[in-house]
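A.B. asks:
There are 2 protein chains.
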Amino acid sequence: MLEKYIKAARCEVDSDLVLKNASYVDVFTSQIRRGDIAIVDGKIVGIGSYKGIKEIDCTDLTVLPGYIDGHVHIESSQLSPEEFASLIVPRGTTTIIADPHEITNVCGMAGCEYIANASKSVPLDVKIQLPSCVPATPFETSGAILNGKDIEQNIGNDYIFGLGEFMNYPGVIYCDADVIQKLEAAHSHGKVIDGHAPAVYGNDLNAYLCGGITTDHECVTKEEIEEKISKGMYVHIRHGSSTQNLGNAKYITDGNMRRFLLCTDDRHAADLKEKGHLDDALRRLVAEGLNPVTAVICATLNAAECYNLKWKGAIAPFYTADLVIVGDMSQFNAKYVIKDGKIVAKDGAPLFDTSKRYLPENVLNTVHLGELSENCFKLTLKGKKAKAMTIEPGGVVTGCEIVEVESRDGDVVLEGTDLLKLTVVERHKMTGNIGKALFKGYGFKGGAMGITIAHDSHNIILLGDDNKSMVKACAKLKEIGGGMVIVDKNSGEVHSLTLDIAGLMSSRDADGLQRDSRALIERAHSMGVKRDYEAFMSLAFLSLAVIPKLKITDAGLFDVEKFSFTDINA
Amino acid sequence: MLEKYIKAARCEVDSDLVLKNASYVDVFTSQIRRGDIAIVDGKIVGIGSYKGIKEIDCTDLTVLPGYIDGHVHIESSQLSPEEFASLIVPRGTTTIIADPHEITNVCGMAGCEYIANASKSVPLDVKIQLPSCVPATPFETSGAILNGKDIEQNIGNDYIFGLGEFMNYPGVIYCDADVIQKLEAAHSHGKVIDGHAPAVYGNDLNAYLCGGITTDHECVTKEEIEEKISKGMYVHIRHGSSTQNLGNAKYITDGNMRRFLLCTDDRHAADLKEKGHLDDALRRLVAEGLNPVTAVICATLNAAECYNLKWKGAIAPFYTADLVIVGDMSQFNAKYVIKDGKIVAKDGAPLFDTSKRYLPENVLNTVHLGELSENCFKLTLKGKKAKAMTIEPGGVVTGCEIVEVESRDGDVVLEGTDLLKLTVVERHKMTGNIGKALFKGYGFKGGAMGITIAHDSHNIILLGDDNKSMVKACAKLKEIGGGMVIVDKNSGEVHSLTLDIAGLMSSRDADGLQRDSRALIERAHSMGVKRDYEAFMSLAFLSLAVIPKLKITDAGLFDVEKFSFTDINA
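Sequence order for the protein chains is A and B.
If you count by my numbering, then the first sequence holds residues 1 to 570, one letter each, in order.
If you count by my numbering, then the second sequence holds residues 1001 to 1570, one letter each, in order.
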């Protein structure tokens, strides 16, 4: 094998593909250089003057190493890995560090395996981080639990790259035995451990790092970045759909530059489609004044070093020929994307087939519900005063308001109020758990709407003002195997969107999914959901019992500030 | 285990050792910071405010990560690994990438194993690179041959870190099958491969790098450095006894800084003792204007990254507590050296015992000679004109001069000339091979002198003007198991210095060895060796058939420029 590379490097034979007369970013010296880039059997064999069996004239183009997304949950796109790849590879991303935290909460290790296997058919290197915190909190029923022993049993699997973001930082700091077991398992296999430690400083940060944790993508301030880098962490600059911190790039200096990476974490299909992936991050970073070569180094070499991806992240002999050819380094429009030496995308379109999708039984039909009746959705209060959840427009932060509400037949009367019932219906273990709350100010009227995406355990978030419609909504979600649903009590119509893969992702193509998704969202607004909110996705975070102030899980109403369940009766 | 670190990090328990109020180099941000550095069970657990069971007041001191020597042949010190460690650890070096090329040429894999095992008792991490080029050339008889198959069989050994400097760059470039087998074996085990490619550029460099080779320590010019770094190599700045390129540090820029390492390659005991090791390199680099923090980063983090030494090369939580505490960053005088959390040296003196040395039989008594007679050393010429080797003062470069010489009884007559017989006596396989040459201008008279260090196969380099003395010298070298010898034909006295380990290194302590070595060298000069030369060590390179112009091996006289053996008769 080496012989073939060496002979081509010396021009004894023509190379498979030569990028003629290319400008390229030399990430090792932070320079832009020029030369022919010769590729053989998936590897760069030389830069100089070369002849290729196939050649691309790059006289007016710039070649960059393929981008590496340092931390991403594919599930947030609601797309299959194949379809996800068809959106991001044409943008120039050739490697991702994927943490299948969401699907693993639903399906357990089968979720991890699915992401790994589904990714095999696409020209994208998908490194699977074993989710470290399944479930994310003990306050809800998840589809799976990965305890220390489970991590021990699975972390050594060949298809597992490392241990995913360790969100349970109190568990590390306070030496929870199960947490320690997980961390030690990862170390015993020499695997990298991603971090997640918002606003952890000083001795607590030292303690967290003594878990052997390497990265953070939650930095907010200059001081936080400086401390974390200084203490050995790599810091991801994040370009998600909701959560972004591109502004952190202004803290990059010559002295700390090698410790910054890029990631997207959670990015919706619409953003991937319309704005892009890491190419969009690069575009914005450069627009905001970051040196384009530095930006590229963060997206390539730095990530390769952080994750010890050998022979990746650079344009040099023997390096993997994962390359992006862009028009310029302000727009980063990818003319060609090359993966393992093959042209896999051109002018933003994939050249690979994703029509045949891997779809194993064990990630389908994941909505497990027993018989539900209207009585199940009755909300019985002790008196007239109760706590109601509110939600800040646009965000995931919720509030708590004391409201007065009438009751009749052991159920609240919502007519004439700005209140809805907000429930979390357990959908994994058929426990019959339904957490119930009052929800104020969302605007929806005349039926029910629900979704099987509910961070992080992904039960059903279901709201409504009519118990019959709520039962119907659940039945529909069970029937379609998960997704989103709206029931109109007046017309009796049921409208839905299927997310057949674990109730989180669709096996369809992005275009069809988006079209139908937009229609359903529009219907929700037409039934009153205020346009301040993302009709369905704002719901998906109402169960995330780590973000203030009041959340709802299948086990009840949760006061995040007190970190305990709370009585709805005020 | 993690629990213990974490609890100490949070000050729930006192740390084992705290470096109080220390200035320290933060290699991740290129800053000097201040804090207490807390150490538990060999790891740094935190930087901040800490209390220790033991504390060192570092108010006026600066703490650096322990230095990493990226490429060194321990054998060049003529010391055992234990004694070598006793000299370099107190200077601040805590990890070395050791290539036991010399001893492996003599003893084969037993040489590698010896270096690995002997290093176990000292507080120095010795990463063993399996020598890739044994023998270095096919033009001499070595004690061992490691062919492709041997490399395949041994590269996967636990104690083998990687593949040593690949000096046979023509073998790579021209795809020698045995060479390819060696490289592929290293790759198949995921091992790093060190390079050695002086003045290899352009497509040849591309081809060399297509062997998957990572480093180079032979750079001379700015252009060479720039091309090599740009093509993915790490470049060692070398501070050997003879070969130095500290001046290359002036080509360090913010953009390429992370690709520079420090190494010593070959450094004599006297230099280690009197000038130092990497501390001396740092001192000189800073004196020549390199930013001290940059210099430290090259000696620490960069090397750790290049060789993927996890949790080494930095001062941060969870990193290995390999530390040097210096007075300042101009002199780099090590007040304390800490290895795996333990104070192992103070004020330049080791605190560890090296008196019990590992000394296996298979590296001793390595001088294998059959019966030798005076006739063996007769040099029979066809006529009066012959080629004579000359040697440039101070260097290893030799010349060729045509001389006129009389013969008598089938032997040259040296009386009244400036000529000596220079021979290489094969000492591994008892082949009886003796390569013979004329040697002009060295100055020695009246007997014989010889040494069992003869790069790279380490036969006996023996010169003299009296055949009887030459026989006697060989007998003495055999008796002592290798080393250096002088025979005075007039007095009949034999003076020697024992290098009992493979004929290359002494099992004694450095002081005694140096004292006796100086005395023997002085004796050589008193017998006429010109002071332009290092009496013995200048001889050791006369067999190195890759350095111009004329060399001598046990197989005969070799014209390096023609790259073939040559007739002594002119």
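For every residue, glycine included, the Cβ atom is placed at its ideal position computed from N, Cα and C.
Nothing here was measured: the structure is a model prediction, and the numbers come from that model.
Exposed or buried, V560 of chain A, counting other C-beta atoms within 10 Å across all chains shown (16 or more means buried)?
C.D. replies: buried
A.B. asks: Would you decide whether K1551 of chain B is buried or exposed? Buried here means 16 or more other CB atoms lie within 10 Å of its CB.
C.D. replies: buried
A.B. asks: So with Cβ pairs under 8 Å, would you call Y1005 of chain B a contact of chain A?
C.D. replies: yes
A.B. asks: Less than 8 Å between the beta carbons of Y336 of chain A and I521 of chain A, yes or no?
C.D. replies: no
A.B. asks: Mapping the DSSP letters down to three states, classify E1165 of chain B as helix, strand or coil.
C.D. replies: strand
A.B. asks: Give the C-beta separation of I39 of chain A and T300 of chain A to the nearest angstrom, bearing in mind that I take them to be a contact with Cβ-Cβ under 8 Å.
C.D. replies: Actually they do not touch by this definition, with Cβ atoms about 17 Å apart.
A.B. asks: Tell me the rounded alpha-carbon separation between H217 of chain A and G195 of chain A.
C.D. replies: H217 of chain A and G195 of chain A have their alpha carbons spaced roughly 8 Å apart.
A.B. asks: K1294 of chain B by DSSP, collapsed to three states: which one?
C.D. replies: It should be noted that the sequence gives Thr, not Lys, for residue 1294 of chain B. T1294 of chain B: helix per DSSP, three-state reduction.
A.B. asks: So what's Y1234 of chain B in DSSP terms, helix, strand or just coil?
C.D. replies: Under the three-state reduction of DSSP, Y1234 of chain B is assigned to strand.
A.B. asks: Let me know the beta strand (DSSP E) ranges lying completely inside the region 1035 to 1099 of chain B, each 3 residues or longer, listed in chain order.
C.D. replies: Segments of the beta strand (DSSP E) lying fully in the region 1035 to 1099 of chain B: 1043 to 1048, 1052 to 1057, 1062 to 1065, 1067 to 1072 and 1093 to 1098.
A.B. asks: Given that R1034 of chain B touches chain A, what residues does it touch there, using C-beta distances under 7 Å?
C.D. replies: Within chain A, no residue comes near R1034 of chain B; the closest Cβ sits about 12 Å away, beyond 7 Å.
A.B. asks: In chain order, what residues of the region 164 to 181 of chain A put their CB closer than 8 Å to some CB of chain B?
C.D. replies: V172, I173, C175 and I180
A.B. asks: Given that a residue counts as buried once 16 or more other Cβ atoms are within 10 Å of its Cβ, and exposed if not, what is F536 of chain A?
C.D. replies: buried
A.B. asks: Using a C-beta to C-beta distance shorter than 7 Å, which residues of chain B count as neighbours of A207 of chain A?
C.D. replies: I1006, A1009 and R1010
A.B. asks: On the criterion of 16 or more Cβ atoms from any shown chain inside 10 Å, does P198 of chain A qualify as buried, or is it exposed?
C.D. replies: Counting of Cβ neighbours within 10 angstroms places P198 of chain A among the exposed residues, the total staying below 16.
A.B. asks: Verify whether the separation of the beta carbon atoms of L1278 of chain B and T1264 of chain B is less than 8 Å.
C.D. replies: If you check the CB distance, L1278 of chain B and T1264 of chain B come in under 8 Å.
A.B. asks: What's the gap between the Cα of V1485 of chain B and the Cα of I1451 of chain B?
C.D. replies: Using only the alpha carbons, I get a separation of about 6 Å.
A.B. asks: Short check: CB of C1210 of chain B to CB of V45 of chain A, under 8 Å?
C.D. replies: Yes; because the gap between Cβ atoms is below 8 Å, this pair is in contact.
A.B. asks: Let me check understanding here. Comparing Cα to Cα, which of B:E1113, B:S1507, B:G1232 and B:C1298 lies closest to A1249 of chain B?
C.D. replies: B:C1298
A.B. asks: With a threshold of 6 Å on Cβ separation, who are the neighbours of Y50 of chain A within its own chain once the five nearest residues in sequence on each side are excluded?
C.D. replies: Same-chain partners within the cutoff: S15, V18, D36 and A38.
A.B. asks: Touching or not, the region 1361 to 1376 of chain B and the region 1473 to 1492 of chain B, by the rule of three or more beta carbon pairs under 8 Å?
C.D. replies: Yes, they touch.
A.B. asks: Taking the Cβ atom as the reference point for each residue, do I1225 of chain B and Y1251 of chain B lie within a distance shorter than 8 Å?
C.D. replies: yes
A.B. asks: Quick one: list the residues of chain B neighbouring E305 of chain A, beta-carbon separation under 8 Å, in chain order.
C.D. replies: E1305
A.B. asks: Using three-state DSSP, classify A1437 of chain B as helix, strand or coil.
C.D. replies: DSSP places A1437 of chain B in strand when its eight states are reduced to three.
A.B. asks: Taking the C-alpha atoms as reference points, what is the distance between A8 of chain A and A316 of chain A?
C.D. replies: 14 Å
A.B. asks: Could you spell out the range, first to last residue, of the beta strand (DSSP E) harbouring M449 of chain A?
C.D. replies: G447 to I451
A.B. asks: S1538 of chain B and H1268 of chain B - do their beta-carbons sit closer together than 8 Å?
C.D. replies: no
A.B. asks: So with Cβ pairs under 8 Å, would you call I97 of chain A a contact of chain B?
C.D. replies: no
A.B. asks: With C-beta atoms as the reference, is I1096 of chain B less than 8 Å away from L1130 of chain B?
C.D. replies: Not in contact: I1096 of chain B and L1130 of chain B (Cβ atoms no closer than 8 Å).
A.B. asks: Would you kindly work out how many angstroms separate the C-alpha atoms of L1262 of chain B and H101 of chain A, rounded to a whole number?
C.D. replies: 42 Å
A.B. asks: Between which residues of its own chain and T498 of chain A is the CB-CB distance below 6 Å, once the five residues before and five after are set aside?
C.D. replies: Answer for T498 of chain A: I480 and G483, listed in chain order.
A.B. asks: Check the Cβ-Cβ distances between L323 of chain A and every residue of chain B, and say whether any is below 8 Å.
C.D. replies: no
A.B. asks: On the premise that G276 of chain A lies in contact with R518 of chain A, defined as a C-beta separation below 8 Å, what is that separation, rounded to the nearest angstrom?
C.D. replies: Actually they are not in contact, since the Cβ atoms of R518 of chain A and G276 of chain A sit about 19 Å apart, beyond 8 Å.
A.B. asks: Rounded C-beta distance between A22 of chain A and V63 of chain A? I'm assuming under 8 Å.
C.D. replies: 5 Å
A.B. asks: Compare the beta carbon distance of K1378 of chain B and N1459 of chain B with 8 Å and say whether it is the shorter of the two.
C.D. replies: Judged by their CB atoms, K1378 of chain B and N1459 of chain B are not nearer to each other than the 8 Å cut-off.
A.B. asks: Please confirm if M1329 of chain B has its CB atom under 8 Å from at least one CB of chain A.
C.D. replies: Among the CB atoms of chain A, none fall inside 8 Å of the CB of M1329 of chain B.
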